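Enquirer: Just so you know, my numbering puts the end of the sequence shown at 486, numbered straight through with nothing missing.
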Amino acid sequence: IYNITFHPLAKFPGPKLTAFTGWYETYHELFGAPSKTFAYKIQQMHDDYGPIVRINPHELHVSDHHFFDVLFAGGSARRDKYPPSASVQGAPGGIFRTLNHDTHRMRRSAICGFFSKQSVVVHEGLIHEKAEQLCEVFKNYAREGNPFNIRVPLLAYTTDFYCAHALGETGDMHLLKDQAKAQKWRESITGLLHFTPIVRQFPWIQSFAFGLPMWLIRRVSSDLALVTQLLLGEKGFKRISQEGFTVLTASGDTIGRTLTTAVYHLLSNPNHLAKLKQELRAAMPDSNMDVSLSKLESLPWTTLEYLIPRDGSSLTLFTPRARNASSLLGADTAIALDSSASIPHRNSELKQASTNYQAPPSLAWAEMYVALAKVLRRFDLQLYDVIRERDIDHYRDCFLGEPRDDTKGVRVKILRLLD
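This is how it looks when you write it as C-alpha cells:
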C-alpha cells in the first residue's frame, strides 16, 4: 500500500504492478520468455505512459534526450553512484563500484593517463605489434578457408594489447597465439555478462559466490570460474587486481565488440567500404607496409564517426547501468529520424544533443584505426550467414547489449589476400 500511495514516487506514471513490487522486473529479467528483456519492456512503458515512467518501487526511467545533461552532469556537479547500479559489476574494489563521488574521481584520475593521447604516443609500437599478430591470425583462417566468428580474434587483439600495456610481457595473455584459448576467453566474458542480470536482482549473490570454493564454482560454471579466479587475486593486492580486471574487461570487450560491429556495417555497405578501401590503398600502396597513426588520423573516411545505436557498444569505460541513456538517446527520433541505420557523421547530432558528450579515450580510437586499416587493406572479407536481427541487434540486457540466444556470431570468410 505504501509503495503505490505514500511513496515519494507514487505520483509518477507507470503500471501499478511495477510500483507495487520489484518482482515484475525480476520476472522479465530472469524468468520471462525471453529473459533479460526488461529494458525493452521499459520502452513499451514509455509508449504507454510518456517520457517518465516508474519502472519499480524505487526507480524512474526518463526517455528524453534533454534530461541527459541533468543526469550525467559534469563540471562541479557531484554525483554519488546509485548502489544498485554499481552492484552489477563484479569487482568490489574497482572503480565502477566506487560509490563516493570524491573517491571515484580520485581513482579515475589515477588511471586516466592510461588511455591518454600521450599513452598512445608511447605505445603506438605495441598497437602495431598486436595488429600484426591479428593479421597473422587472419592469414591462418585464410589458409583454412573456413568461416569464423570475427569477434574472437578481435577480442583477443584488444585483450592482449591491454594486458601487455598494463602488465608487460609477463602479463600478456597471448590469446592471439592460441585461438582455442581466445574462444574460451570470449565464452568467459559472455558468461560473466549473462550473470549480471541475476546480480542486478539479487546483489547479495555476488558476495556469496566469492565465498564459495573454486572447485564448486568450476562445477557450476567453468566460464565464471576463470573470471572469479582473476577477480579474487592475491589478498594483498585485491583492490588493484580488481581494478585491473575492470580495466581489462571494460576496455577489451567494449572495443572488441565495437570493432566487430564496425566490420559488419562496413561489409553490409559496399559503397562505404569501397571509399574506405580506396583511401587506405592511397595511404598504403603496399598492403604489408606500416602506416603511422598520425597518417591514419588524417584520413577522412578512416576517421568518420558512426553512431550505431543498439547494435554497437559504448566506448566509455565507466558506464551506468545497462539500461542507460546511450541506447535510448541514440535511438531518439528527435535526434536522428532513421535511428536504426549506421550513418557517417551521425555522431555530430548526438554531440549536439548533449553538452556533456565525451569522446572515447584516445587509446581506444588508436586501436580501432590501426586494426581496421591493416585488416581491411590486406584481406577481402565477406559476411557468412549473418542475420542482423539474430547476430547484431541487441536483444537482451546483460549490462551490455547481447544478441539472441541462437546467434551464430558475426562470421566472415576471407575471399583473398590483397596486394
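Glycine included, C-beta positions come from ideal geometry on N, C-alpha and C.
For clarity, every value in this text was computed on a predicted model and none was experimentally measured.
1) By Cβ distance, which residues of its chain are closer than 8 Å to D452, with the 5 residues on each side in sequence left out?
2) Taking contact to mean 3 or more Cβ pairs, one atom from each stretch, closer than 8 Å, check whether the segment 449–464 and the segment 343–363 are in contact.
3) Quick check: the segment 164–173 against the segment 210–228, are at least 3 beta-carbon pairs closer than 8 Å?
4) The beta strand (DSSP E) that contains K480, what's its start and end?
5) Closest to H128 by CA distance: which of L450, Y107, Y69 is it?
6) In three-state DSSP terms, what is N216?
7) Between which two residues does the alpha helix (DSSP H) holding V442 run?
8) With distance defined between alpha-carbon atoms, name the residue in P220, Y229, E254, T225 nearest to Q246.
9) Compare the C-alpha of D447 against each of P337, M356, V437 and name the closest.
10) Hey, how far is the Cα of L84 from the Cα of T93?
11) Quick check: what's the CA-CA separation for L485 versus L443?
12) State the beta-bridge partners of E469 as determined by DSSP.
13) What's the gap between the Cα of K480 and the Cα of V204?
14) Report back the beta-carbon spacing between F182 and A431 to the nearest angstrom; my notes put them in contact at under 8 Å.
15) Please state whether DSSP places L76 in a helix, a strand or coil.
16) Report all residues from its chain with a CB closer than 7 Å to the CB of L242; omit the five preceding and five following residues, and keep chain order.
17) Measuring alpha carbon to alpha carbon, tell me which residue in H461, P470, T104, I322 is nearest V437.
18) In the segment 84–110, which residue ranges form an unbroken alpha helix (DSSP H) of at least 4 residues, counting only runs that do not cross its ends?
19) Ends of the beta strand (DSSP E) at V129?
Expert: Working from what's here:
1) P214, K475, R478
2) Taking 8 Å as the limit for Cβ pairs, the verdict is that the segment 343–363 does not touch the segment 449–464.
3) no
4) In the DSSP assignment, K480 falls within the unbroken beta strand (DSSP E) covering 478–484.
5) Y107
6) strand
7) 429–445
8) P220
9) P337
10) 12 Å
11) 9 Å
12) R463
13) Distance between the alpha carbons of K480 and V204 is about 13 Å.
14) 7 Å
15) coil
16) A223, T226, D227, K248, A249, W252
17) I322
18) 90–93
19) First-last of the beta strand (DSSP E) with V129: 126–129.
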